[in-house]
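Below you'll find the structure, written out as structure tokens, and then a few comments.
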Amino acid sequence: MELDAALLSRLQFAFTVSFHIIFPSITIGLATLIAIWEGLWLKTGNPLYLQLAKFWIKPFAITFGMGVVSGIVLSYEFGTNFSEFSRITGAVLGPLMAYEVLTAFFLEAGFLGIMLFGWQRVGPKLHFMATVVVAVGTWISAFWIIAANSWMHTPAGHIIVDGVFQVDSWWQVIFNPSMPYRFTHMLLAAFITGTFVVLATSAWQLRHSEHKNMARKGLSMTLWLALILTPLQAYVGDLHGLNVKEHQPVKLAAMEGIWAEREAGAPLLLFAIPDRVAEKNHFEIGIPKLASLILTHDPDGELMGLKAVPADERPNVAVVFFSFRVMVGIGVLMILTAFTGAFLRWRGTLYQSRWFLTACSYLAPSGIIAVLAGWYVVEVGRQPWLVHGLIRTIDVVSPLPAERVLFSLTLFVLTYSLLFGVYLYFMRKLIRKGPPPMEKLSQQLIGVKASGYAVALAKHIKPEQEQH
Amino acid sequence: MELQIGLPLFYFLLLGFAILMYVLLDGFDLGIGILYPWFNTDAEHDHLMRSISHVWDGNETWLVFGGVILFGAFPLAYASIASLLYLPIMLMLIGLIFRGVAFEYRFKSHTSKIWWNRAFAIGSSLAAFCQGLMLGVLVQGVDADSIASSSLQWLTPFSLFTGLAVMAGYALLGCTYLTMKSRGDIQQKAARYGQRLLLFVMLAMLLVSLFTLYRQPEIRDRWFGGAHSLILMLLPLMAVLAARLLFRDLGRVQRQFAAEADISIRHESRPFWLAASLFLLAFAGLVAGLFPYLLPHQISFYTAAAPDSSLSFMLPGVLIFLPLILAYTLWGYHIFRGKVEDYEEGY
């Protein structure tokens, strides 16, 4: 078989970006939670909050590290594997990423050192500030990269001069039509991902570890959060879907599995096997008229189907169709979990309900799977376009020899598979090890071993003593 | 016309600044990874790791910054250079991945510790070597049309040599950083290795300069023609002076240890600044030769520059945030000032 450099480059990008997104999705939510706990500790003095913060800062650190190293790869991969794309869109996308580095990456990196290693070097308030800065840095980073990504879906504010993109209005480039929806949807997704990692771990700890008080606090907080965030996410997701219908109807048709050029009263398909060749679905199971009702607010509303565009302008329908169902399915599961939790809490049996806690502990990767599935809907659904309607992916791949890309792809697959195993191993290890003991933390509360002061004081005294 | 050149020139200088910052900052922490196998005990390895575990992430961010400035301000150059140097970039990234995760996992491991030691040392060395390789390719020049061909133009004796030279240079920076951050045996070792590395680095700089002057007439004319050649001549002179001082300081650190006398803090930190200035001078010499090219004789900064709308959009970001970044980066170093032993493991 002849190796295809373009296909390999795309595979490599898909693989490396999929691997990367796992980690920021967790750290955005986790950084925010750690900042909240630290703030609550400062405010209430309840050491359980400090225990939560100190326990989760270690998983946070390894997750953040994985995100950093896998992220650097991406910032160079645009140029290495998609050189023509970089050349013609660099003037639009490059500055957005420059702002991401200037306003977020340096900020996160600069304060991360203090957040992780500064407990003894700065006062508690300053440490809290460092944690907040890291959390806010993760949000800002998401803002810029989502702006860049959204522009590729719903390009706006640009002009094309000699085949090269230039910017006419930065405001329109950044706040392009899909950006507000995608940003909100992704940020919520990251909060929910972090929330469910903590929720699942707390549920596990309630059953299997001795740190029951901390686990209760963690479970209780994250269940409240889930109760607010997951229905909100469903609502935002719906708005995002309407936005897709308006700007990328072909993607929507693939999500819903609609083939006919126009279909009135389209059913909401629960299951089907889309067939690209026959241009229809097999084994359809659906709820009549529901898709039209959701998307047009009219049971007999018309939706555009895949056949409205030539076959070479359609994405891989099956991938989009199934990924969408995985994402929505997990979303529904999360909402059910949140409401069941609330119900059990109302009944007063939440912390004793073994079946519920066990079920919850299996949900640790749920957010990550949903995020990945969601991104496959978005990115595969945009194909064959790289910039929707303007640049085809296949036209802008670097003219590299295929063996070279195969070599780097193999390296990445080996490296990332190994590291993912290692990451899971250490996550498990850290979670089993549990938080620092309460006695140590209460000492910190009283101030004996408190952050900064004692050590700093001792150091200032030492040189003088030695002189005497 | 002047304005049209003004903005691209600003970004050319900014790119230079970003690369220099990266080379200095990640230089010393990659250097510590390169030196790692020459330190033996677990305690020494702990010390080496802890001296940089709070800063490596920020240091590496300069690499990303350099990349995105190239992308945003000179898209044409980013596209050509990145795909031209495909393999060295990929290998560098793999190296950076392994040494980056080693920071997190080594401190949390027991049985697998030896593997994280290896990942850290080999990853750091590989990344540094690849960077040197790329430097060599840019200095000797390469044909931008060769992306598609499977020829390995970047693999020449010269680029292999610059790969080793950059490794040695980073290791030297690492030695001087360790001299500043440690006491006793580790400091001794660092100062001793530092002296040897300095000799090799000076020799390498001389060879690379001679080779470049011999192979590239344009650069030769620039250095030995016209009035500004006098100013340019200051660079190697100052480099020799800095090297002389550095060698002496490192020797003093060793002797004072032998005499069991206290060394003043100033003398312990000066080697680092001298080594940094050596890098600065070498970098200035490099830019003086390459200017105005991003890819020698093919892509200059004004032909590759993005349109004004992009360059001026980034300007406020750079002017506002870069000073802030420098300020809080300095503050971060200030918080962890002093010897490694003096700060307790944090989290």
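Residue numbers (this note's numbering), protein chains in the order written: chain A, 1 to 468; chain B, 1 to 347. Where is the CB? At the ideal position from N, CA and C, for every residue including glycine.
Contact annotation: in the segment 87 to 120 of chain B, residues whose CB is within less than 7 Å of a CB in chain A are LEU87, ILE89, MET90, LEU93, ILE94, LEU96, ILE97, GLY100, VAL101, PHE103, GLU104, TYR105 and LYS108. Beyond the five residues adjoining it in sequence on each side, GLU261/A comes within less than 6 Å, by CB distance, of GLY305, LYS307 and ALA308 in the same chain, given in chain order. Not one beta carbon of chain A lies nearer than 8 Å to the beta carbon of ALA127/B.
Identification of chain B residues near TRP170/A by a Cβ-Cβ cut-off of 7 Å yields PHE313, ordered along the chain. Non-local C-beta neighbours of VAL320/A in its own chain, meaning closer than 6 Å and more than five positions away in sequence, comprise ALA254, MET255, VAL377, VAL380 and GLY381, ordered along the chain. Counting only runs that start and end inside the segment 101 to 135 of chain B, there is no beta strand (DSSP E) element of at least 3 residues.
For PHE200/B, the enclosing alpha helix (DSSP H) starts and ends at 184 to 215. GLU439/A is classed as exposed because its beta carbon has fewer than 16 other beta carbons within 10 Å across all chains shown. The contact set of SER417/A on chain B, defined by CB atoms closer than 8 Å, is empty, because the minimum CB distance reaches about 13 Å.
For PRO95/A, the chain B residues whose C-beta falls within less than 7 Å of its own C-beta are GLY72, SER310, PHE313 and MET314, listed in chain order. GLU284/A sits in a strand when the DSSP states are folded into three classes.
Of the residues assessed, GLU38/A falls on the buried side of the cut-off, its CB having 16 or more other CB atoms within 10 angstroms. Shown here, LEU112/A sits in a helix according to DSSP, grouped into three states. For GLN166/A, DSSP records a beta bridge to ILE159/A.
As DSSP reads the structure, VAL378/A sits in no beta bridge. DSSP places PRO274/A outside any alpha helix (DSSP H); the residue lies instead in the beta strand (DSSP E), whose first and last residues are 268 to 275. At a cut-off of 8 Å, the C-beta of THR103/A has a neighbouring C-beta in chain B. By alpha-carbon distance to TYR425/A, the top candidate from LEU24/B, THR111/B, GLN153/B and LEU48/B is THR111/B. Annotated three-state conformation of SER408/A is helix, per DSSP.
With 16 or more other Cβ atoms from the protein chains shown falling within 10 Å of its own Cβ, PHE111/A counts as buried. When VAL137/B, HIS297/B, VAL101/B and HIS47/B are compared, the shortest CA-CA separation from TYR423/A is found for VAL101/B.
For HIS228/B, the closest Cβ of chain A is not nearer than 8 Å. What PRO75/B touches in chain A, judged by beta-carbon distance under 7 Å, is SER86, ARG87, GLY90, ALA91 and GLY94, going in chain order. Taking all protein chains in view, the Cβ of ASN213/A is surrounded by fewer than 16 other Cβ atoms within 10 Å, so the residue is classified as exposed.
Following the DSSP letters along the chain, one finds GLU44/B inside the alpha helix (DSSP H) bounded by residues 42 to 52. Judged by beta-carbon spacing, GLY67/A lies within the 8 Å limit of HIS20/A, meaning their Cβ atoms are closer than that value. When the Cα atoms are used, PHE247/B and CYS175/B turn out to be separated by approximately 12 Å. Taken atom to atom, the span from the alpha-carbon of LEU11/A to that of PHE23/A is near 20 Å.
Following the DSSP letters along the chain, one finds LEU293/A inside the alpha helix (DSSP H) bounded by residues 290 to 296.
The Cβ-Cβ distance between MET327/A and GLY374/A falls below 8 Å. Restricting attention to LEU219/A, LYS433/A and LEU270/A, the CA atom closest to the CA of ALA364/A is found in LEU219/A. For chain A, none of the residues of the segment 8 to 22 of chain B brings a beta carbon within less than 9 Å of one of its beta carbons.
Taking a 10 Å sphere around the C-beta of PHE60/A, we find 16 or more other C-beta atoms and assign the residue as buried.
Counted as a single uninterrupted DSSP element, the beta strand (DSSP E) harbouring TRP385/A occupies residues 385 to 387.
Put simply, the backbone Cα of PRO75/B is about 30 Å away from that of VAL134/A. Think of a sphere of 7 Å around the beta carbon of VAL55/B: the chain A residues whose beta carbon falls inside it are GLY113, in chain order.
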